[in-house]
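Chains as they are written, first to last, in this note's numbering: chain A, 1 to 596; chain B, 1001 to 1596.
Cβ atoms here follow ideal geometry from the backbone N, Cα and C, with glycine treated the same way.
Number of protein chains: 2
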Amino acid sequence: MRTSIATVSLSGSLTEKLTAASRAGFDGVEIFENDLLASPLSPREIRARCADLGLSVDLYQPMRDIEAVPDDEFGRNLRRARHKFELMRELGADTVLVCSSVSPLAIDDDGLAAEQLSRLAALAQDFGIRVAYEALAWGRHVSTYDHAWRIVEAAGHPALGTCLDSFHILSRGSDPKGIEDIPGAKIFFLQLADAPLLAMDVLQWSRHYRCFPGQGGFDVAGLVGHVLRTGYDGPLSLEVFNDVFRQAEAGPTAVDAHRSLLVLQEAVGVGELPAPVVPTGVAFAELVTPDAEPVSALLGALGFARTARHRSKPVDLWEQGEARILVNTGPAARRDGTGLAAIGLESPDPRAAARRAEALLAPVLPRRRAPEDAPLDAVAAPDGTELFFCATGRDPELPDWRADFAEVPHEPGSAAARIDHLALVQPWHQYDEAALFHRSVLGLHAQESVDVADPYGLLRSRAVTNADGSVRIALGVGAAPADDTLHAQHIALAVEDVVAAARAFRAAGGGLLPIPANYHDDLAARYEFADGELETYRGLGILYDRDAGGVFRHCYTRTVGRVFFELVERDPGYRGYGAQNAPVRLAAQHAGRPAR
Amino acid sequence: MRTSIATVSLSGSLTEKLTAASRAGFDGVEIFENDLLASPLSPREIRARCADLGLSVDLYQPMRDIEAVPDDEFGRNLRRARHKFELMRELGADTVLVCSSVSPLAIDDDGLAAEQLSRLAALAQDFGIRVAYEALAWGRHVSTYDHAWRIVEAAGHPALGTCLDSFHILSRGSDPKGIEDIPGAKIFFLQLADAPLLAMDVLQWSRHYRCFPGQGGFDVAGLVGHVLRTGYDGPLSLEVFNDVFRQAEAGPTAVDAHRSLLVLQEAVGVGELPAPVVPTGVAFAELVTPDAEPVSALLGALGFARTARHRSKPVDLWEQGEARILVNTGPAARRDGTGLAAIGLESPDPRAAARRAEALLAPVLPRRRAPEDAPLDAVAAPDGTELFFCATGRDPELPDWRADFAEVPHEPGSAAARIDHLALVQPWHQYDEAALFHRSVLGLHAQESVDVADPYGLLRSRAVTNADGSVRIALGVGAAPADDTLHAQHIALAVEDVVAAARAFRAAGGGLLPIPANYHDDLAARYEFADGELETYRGLGILYDRDAGGVFRHCYTRTVGRVFFELVERDPGYRGYGAQNAPVRLAAQHAGRPAR
């Protein structure tokens, strides 16, 4: 289906918005009136710019409070409409949106509304324009889609149809099934937005908190299904008012937006995406660092052994049980200090996984490979993390990344761990986008978002996982742009016995994050422990959580650059990540830093 | 009255919070449990730190879901309480807050609640601790203050009283008058918070959007009046959960917080603040600039004449009618480029105005004066703008700032303007604080806040004015911290005839901000104009607005540094600032800048 986006959904000048929409693959745009008014380009120039960019101008919405008003007022509205229809002819837009009136002048008279809309449609028709009438959720007398449709039906004008908007319909809790009673040919336009499920004033909700389909809590796909069953064949068009998107760069937002429509089309059975290939494990995590020494010391103390070195690049492989860490000291590492740069995901079909990612607009990474390297498929996540699709030693038909490495002499690792989860810091404005990316591209399941109180602001965190928990990625974000660099990424290692692992780490010279005594005093008030158990935790800085499914014990290493490690011992039934201990961890990390 | 603040209201580590509260003048603190748990200081050390800072520890709230639970659960709760009471003895806190239960285990049985609270109070009494029971607005069975009080009354234990919280009472729309039925001695604590009037889920509203009294929409003073009439003599304590305050620097937030309590006490008649002295006009606006030339050229083109020079400092006075601009090229100007640094306000009693400002915690500015300078009273606003209280040529008894200036030869100014309004950019996290400051310190009235769509994010703006509109200050803020430097301050000059003024400005070589033709095309659709009128506006970049009170015509100069001028012609009945034209102006200003 054709895809479109309202320019109000993107940040920047009109030309920046158009460029971003085109590059992201949209077929058309709705031009928001304020964007046109503020543009130095004339309507004709905007039309030409759109044509150059391969965009149609699918909708314009220059008028408010048109219908069901006293006659003299309607006369002024028609006068205004004529101006706008002339403009639309220049702009090359053939559909005008008319939202139900919110004016105190509006009269509760469907007959009058129908008659005036009919007159408006007659004028529009002279300009080759169609009028799409839409119920605003907070319309004064018309606030539901079926009411708007009854008025359109009563008017009976060929140039008058209805526009459906998923936000206005779903925010009111209207049953979208009735959409199927509208003839598809009379649905002139379909605007789509999702929103988080907030119990708040609908106008504020609509103006500030809309998001792209799949990022919120509405069943947008269900609604679109009803619309498609009417025979509607117009565009799927995004109209999203969102305070964060207004500030974010238009380019990435447009990509996220278009991805949401691709996923939506898949959900309603009209897209042609390669099927998801859910990863089955973590093959490796890759750290980049300008200085291998502190990282090597940390890995060594954690029980990793350096087992191999890349044949042509300055990359070491460290292993411990099933956990593998690559340490890359190549040129890419020089810029940002030590960080978590890439994740290898075990994939049942690496090629197919990459094809789906590419179809969902993930940048495919060029591999600057040596001739003998294994041809690994990799894409970039929205936060820049590189995702490699791997088949580690599973199938002689598939390339194994380890073939690029030459074993080096080493002692066997001293412990057996695997990667429990990885925690990535997302750009401030891409929290919901990141979850949608990981869900749609990787086929992971997104858990609930949780707020975590950092001493210097609230953080949010949401985990995406596969069904058996062998892939768990926690996506975290600060409360404001400045926090992007405030918080560290981390790698959590699942161990059999966290007490033993912590002791071994410390004995090997590793530094554990000190946890305040007050925290363990509180544990004593909350739980009963075996003799000495709490003292053990206290001595090692082990934190403790418990839910209906079991117990979670964990501790943290000191931070190197922007990365630290966590040691976790997880009862199989425990589903969380110790979020309730995170404020104590964050405060301890801040306390260990130079003064702010 | 004694003032207190919950540590959760401030950003940072516990010791940062305590220091900020003490410096801002609070008498005590409520220690939030998470702050204690995350602190490396033991409870005894925290007590000592508080004592050093002159702070009492007025409240601790370590327990949830205590009452009306099955007996075995209550046994665990008592066990936990004993731990916490021991801690409180170390901490030197003698009042514990118990919020009504939100647990699914809680039983709807007031008798059971009273009996268990009584048992808890008996245990507390052994430790010299009082229990203050408070109804959470979202409590499972107890959600109103009168219900909580009935349970306390039924329990009848001397160590059990109630805690009132303005948010929980006013967010539910409860009538606070019934507070007067509670004996003051049984009100063990009073927590205060305001909040913007949002129609949203009360839990989310409470956790993220509380603000200090006077910053929101609740009648907190009215509630406090009821409480004081009971004879309550405990502290006024702020407990504010706010996402923005969590990120803002603790020092300024604590000052804003304490100011809000001073204003609140004045409102309920228990404070001793000097009375407000409302300014009666704008004496001058002061620009600082490292390079006087572009500013001088701009002022000259606007019709200002350089009339005088400061006797001892590199400051020029420019005049035009009643409008006076100081241009300061002194050392302070070197850092930030050209900006609006100070405002002179005509004050009926400058000394008294300064005394009130100082009593309300505005920093009094030291004047590095030459011996002969007039002793001007001045304070700093939260955004750093210097506010001078002036008596320009009004009273021979009062110092006149112009005496510091020596006239220089000049032609008379070519036009007659006055300052219509000044627009200041506020730090991101101080929007509500700025309004409260200007209201309370200067006695100005705050108008409604409006959202303005900038191409790169939403801005908010709110004007503070005196009754006759001779002082109008628009306080603007961006949507995120990064926007602080994105938007310019401006000085709006009221002129008799904006068309003539714009033409004269241009004829004198001044550069007007170009406004897109699309904007004027839209005016043609919305209004009918006399022949040629619209073409005149189009040619000069004049914008047009109209409300029930009249018409507003305005245009803008190009920006110099971070400052531009606006020329405005305002019908006397028009109360606004052309906010609906602001998006076009902002887009035009962005378009005139180097690419982002």
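Cβ-Cβ distance between residue i and residue j below 7 Å
i	j	result
residue 1423(B)	residue 1490(B)	yes
residue 1038(B)	residue 514(A)	no
residue 1455(B)	residue 1579(B)	no
residue 26(A)	residue 7(A)	no
residue 131(A)	residue 124(A)	yes
residue 1240(B)	residue 1193(B)	yes
residue 1018(B)	residue 1044(B)	no
residue 1530(B)	residue 1410(B)	no
residue 66(A)	residue 238(A)	no
residue 164(A)	residue 218(A)	no
residue 508(A)	residue 301(A)	yes
Beta carbon proximity, residue i to chain B, threshold 7 Å
i	result
residue 200(A)	yes
residue 102(A)	no
residue 484(A)	Caution applies to residue 484(A), whose pLDDT of 47 falls short of 50 and renders its modelled position unreliable; the value that the coordinates give is listed next. Cβ-Cβ to chain B under 7 Å: no for residue 484(A).
residue 247(A)	yes
residue 494(A)	no
residue 327(A)	no
residue 432(A)	no
residue 23(A)	no
residue 412(A)	no
residue 243(A)	yes
Residue i at chain C interface by Cβ criterion, 7 Å
i	result
residue 1047(B)	Looking for chain C here will not work: the only protein chains present are A and B.
The alpha helix (DSSP H) enclosing residue i, as first and last residue numbers
i	result
residue 1323(B)	No alpha helix (DSSP H) holds residue 1323(B); the beta strand (DSSP E) holding it covers 1323-1328.
residue 598(A)	The displayed coordinates of chain A run from 1 to 596. Any statement about residue 598(A) would go beyond what the structure contains.
residue 1536(B)	1533-1540
Member of the options whose CA lies at the smallest distance from the CA of residue i
i	options	result
residue 1477(B)	1237(B), 1121(B) and 1431(B)	1431(B)
residue 162(A)	176(A), 185(A) and 570(A)	185(A)
residue 14(A)	575(A), 42(A), 493(A) and 3(A)	42(A)
residue 1248(B)	1385(B), 1016(B), 1113(B) and 1036(B)	1016(B)
residue 434(A)	361(A), 564(A) and 330(A)	361(A)
residue 1512(B)	1087(B), 1499(B) and 1288(B)	1499(B)
residue 311(A)	258(A), 328(A), 363(A) and 427(A)	328(A)
residue 341(A)	378(A), 64(A), 100(A) and 83(A)	378(A)
residue 1156(B)	1190(B), 1116(B), 1028(B) and 1545(B)	1116(B)
residue 510(A)	497(A), 352(A), 428(A) and 297(A)	297(A)
residue 1196(B)	201(A), 197(A), 195(A) and 196(A)	201(A)
Interface flag, residue i vs chain A, CB-CB below 7 Å
i	result
residue 1170(B)	no
residue 1252(B)	no
residue 1060(B)	no
residue 1038(B)	yes
residue 1196(B)	no
residue 1012(B)	yes
residue 1077(B)	no
residue 1589(B)	no
residue 1405(B)	no
Run of the beta strand (DSSP E) containing residue i, from where it starts to where it stops
i	result
residue 1105(B)	Counting along the chain, residue 1105(B) falls outside any beta strand (DSSP E), and DSSP gives it neither H nor E.
residue 419(A)	418-425
residue 1318(B)	1315-1320
Select from the segment 452-479 of chain A all residues with a C-beta closer than 7 Å to any C-beta belonging to chain B, and list them in chain order. 453, 455, 456, 457, 458 and 479
To be precise: take each residue of the segment 116-149 of chain A, compare its Cβ to all Cβ atoms of chain B, and keep it if any distance is under 8 Å. Which residues remain? none
Using Cβ-Cβ distances below 7 Å, what residues of the segment 557-587 of chain A are close to chain B? If the cut-off is 7 Å between Cβ atoms, the segment 557-587 of chain A has 583, 584 and 587 near chain B.
Which residues, in chain order, does the segment 521-547 of chain A contribute to contact with chain B at a C-beta distance below 8 Å? 521, 522, 524, 525 and 526
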